[in-house]
Amino acid sequence: DTAVSQTPKYLVTQMGNDKSIKCEQNLGHDTMYWYKQDSKKFLKIMFSYNNKELIINETVPNRFSPKSPDKAHLNLHINSLELGDSAVYFCASSQGGQGGNQPQHFGDGTRLSIL
Amino acid sequence: AQSVAQPEDQVNVAEGNPLTVKCTYSVSGNPYLFWYVQYPNRGLQFLLKYITGDNLVKGSYGFEAEFNKSQTSFHLKKPSALVSDSALYFCAVSPPQAGTALIFGKGTTLSVSS
């Protein structure tokens, strides 16, 4: 069973389009995250939700909007895609939220390419 | 600013030799420390963590890490490297303040030759 699953795995689209990435976890965790990994493999936190409440919202353009319909799901919608949005986006989950000692479990990523 | 440093972009070792991947951090308080591994086209996988207690922690796949408070370091080690250990390794620090984000190092590529 996949613990953290993201769809789609690959996303190729034109500049200016709007797209969504979905994430689901079946671990019963209460906290979920979105990360962006750039071409140099550097990881940056974008958002964190705990029990559907937004906890962390790093300096991310407001074209990016997370939505958490329930504890097991955290989706990411991106408006007006730009070339610089090309990256791998990872969803993760953990129990206990940020500042805690529980490890995060990652999905396999969504590879977003903007043409 | 709080930060995590992995001073080596790449570490090369021969199979069977011991390996060390270095990590130092600059975080206030007593943070929790983690190592993750990333294989190509995969997400990060948790290897081990330090919370408190014994400075040597053991984790998955024969890896261990040594915590040194005075040097604020948390180096990853393995006594005998395998070719299959070749991957990208991330050190991460969780500041003790609630609501703060996990801070990742920039990653170190480990290459084990046969």
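Protein sequences, first through last, are from chains A and B. The opening position of the first sequence corresponds to residue 1 in my numbering, with each subsequent residue numbered one higher. The opening position of the second sequence corresponds to residue 1001 in my numbering, with each subsequent residue numbered one higher. Backbone N, C-alpha and C define an ideal beta-carbon position, used for all residues, glycine too.
Short Cβ contact (8 Å threshold) for residue i with residue j
i	j	result
T1024(B)	K1077(B)	no
F1143(B)	L1048(B)	Within the shown structure, residues of chain B are numbered from 1001 to 1114, placing residue 1143(B) beyond reach of any answer.
V1093(B)	L1033(B)	yes
D1009(B)	T1109(B)	yes
S20(A)	N75(A)	yes
V1004(B)	G1105(B)	yes
P1095(B)	Q1002(B)	yes
K22(A)	G1107(B)	no
Contacts around residue i, its chain only, beta-carbon distance under 6 Å, and the 5 residues preceding and following it disregarded
i	result
Y33(A)	S48, A92
F64(A)	I78
L43(A)	Y35, Q37
R111(A)	Y10, V88
S94(A)	H29, T31, Q102, Q104
Distance between residue j and residue i (C-alpha atoms, nearest Å)
i	j	result
V60(A)	G1059(B)	34 Å
S1113(B)	S1084(B)	10 Å
I114(A)	N1041(B)	18 Å
D1054(B)	N101(A)	16 Å
Q1097(B)	E1015(B)	40 Å
P8(A)	T1052(B)	39 Å
G84(A)	T1100(B)	26 Å
G1043(B)	F1090(B)	12 Å
K71(A)	K1069(B)	36 Å
L27(A)	N1017(B)	37 Å
K52(A)	S1080(B)	44 Å
L1102(B)	I45(A)	8 Å
K1022(B)	Q1045(B)	18 Å
Y1050(B)	W1035(B)	9 Å
Cβ-based neighbour list, residue i, same chain, cut-off 7 Å, excluding 5 preceding and 5 following
i	result
G193(A)	The requested residue 193(A) does not occur in the structure, where chain A is confined to residues 1 to 115.
F90(A)	Y35, Q37, F106, G107, G109
L1082(B)	E1015, V1112
Y1039(B)	A1087
N57(A)	F47
N1030(B)	P1096
Beta strand (DSSP E) segment containing residue i, residue limits
i	result
S1094(B)	1087–1094
M32(A)	31–37
Y1036(B)	1032–1038
P1079(B)	It is not in any beta strand (DSSP E) - P1079(B) carries neither H nor E in the DSSP assignment.
R111(A)	110–114
C23(A)	19–25
P66(A)	64–70
G78(A)	As written in the sequence, residue 78(A) is Ile, which differs from the Gly given in the question. Unbroken beta strand (DSSP E) run through I78(A): 73–78.
Closer than 8 Å, Cβ to any Cβ of chain A: which residues of the region 1094–1106 of chain B, in chain order? Within the region 1094–1106 of chain B, S1094, P1095, P1096, Q1097, A1098, G1099, T1100, A1101, L1102, F1104, K1106 place their CB atoms closer than 8 Å to a CB of chain A, listed in sequence order.
Chain-ordered residues of the region 1026–1039 of chain B with a beta carbon less than 7 Å from chain A: The residues in question are Y1032, F1034.
What residues from the region 1066–1078 of chain B come within 7 Å of chain A, judged by C-beta to C-beta, listed N to C? Result list empty, no residue passes.
Short-range partners of chain B found in the region 103–115 of chain A, where Cβ spacing is below 9 Å: For the region 103–115 of chain A, which is checked against every Cβ of chain B, the residues closer than 9 Å are P103, Q104, H105, F106, G107, D108, G109, R111.
Within 9 Å of chain B by C-beta, residues of the region 46–76 of chain A in sequence order: Close to chain B, meaning a Cβ-Cβ distance shorter than 9 Å, are the following residues of the region 46–76 of chain A: S48, N50, I55, I56, E58.
Please name the residues in the region 26–40 of chain A whose beta-carbon is closer than 7 Å to at least one beta-carbon of chain B, in chain order. With the criterion set as a beta carbon lying under 7 Å from some beta carbon of chain B, the region 26–40 of chain A has no members that meet it.
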